[in-house]
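Per this note's numbering, residue 973 is the first one in the sequence shown, and the count goes up by one each step.
The beta-carbon is built from N, C-alpha and C at its ideal position, and this holds for glycine as well.
Remember, it's a predicted structure, so these values are computed and weren't measured experimentally.
Comments concern the structure below.
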Amino acid sequence: MKTKNIKVVYTYRHHQSGGILHSGTGPCTAVPKIQMEGHWLEALGFSIGAPLIVEYEEGSIHIRTLTAEELAAKEQREAQAELEKRIAQLEQMKRRIDAEAASLSMVAEPARPYAASAPESRN
């Protein structure tokens, strides 16, 4: 196994509250950062855009690409989550439509059967 010597550096992150980033106002926090780049990554199978798994424990970080099975499972989970989200949206729309339909008053008389309302023809 070959080794590369890199260093943990830092980047600054601004305070965020309630999902709103307060850039330039409030405290900044130094956040540790590890950055790697080079053609050697691609030679090892880490091509641009490749999905990765980062496994970590005290004092150790393992980075690897997803296997075809892991990628298929990830895509399946994402598709399932999207489907469940769409189903929930459709159910919410149906409830709104049902509530609105219940609040509407009947404007016209119910239609009579066609045969009863049609005049008989005499030949």
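- Message: Rounded to the nearest angstrom, what separates Gln-1064 and Lys-1057 at their Cα positions?
- Response: C-alpha separation (whole angstroms): 11 Å.
- Of the residues Ile-1059, Ala-1053 and Lys-974, which one's Cα is nearest the Cα of Trp-1012? When only C-alpha atoms are compared, the closest one is Lys-974.
- Item | Inter-residue CB distance, Thr-1096 and Tyr-984 (contact presumed, cutoff 8 Å) | With the chain covering only 973 through 1095, there is no way to say anything about residue 1096.
- Query: If you run the structure through DSSP and keep just helix, strand and coil, what is Lys-1005?
  - Reply: If DSSP states are grouped into helix, strand and coil, Lys-1005 belongs with the strands.
- Whole-number beta carbon distance between Ile-1006 and Ile-1025, since they are thought to touch under 8 Å: 16 Å between Cβ atoms; not a contact.
- Ends of the alpha helix (DSSP H) at Ser-1075? Looking at the DSSP string, the run of the alpha helix (DSSP H) that includes Ser-1075 is 1040 to 1075.
- Task: Hey, could you find the ends of the beta strand (DSSP E) Glu-1030 is sitting in?
- Result: Here Glu-1030 belongs to no beta strand (DSSP E), and DSSP marks it neither H nor E.
- Task: Leaving out five residues on either side along the sequence, give the residues of the same chain with a beta carbon under 6 Å from the beta carbon of Ser-1032.
- Result: The beta carbon of Ser-1032 sits closer than 6 Å to no other beta carbon from its chain once the five residues preceding and following it are set aside.
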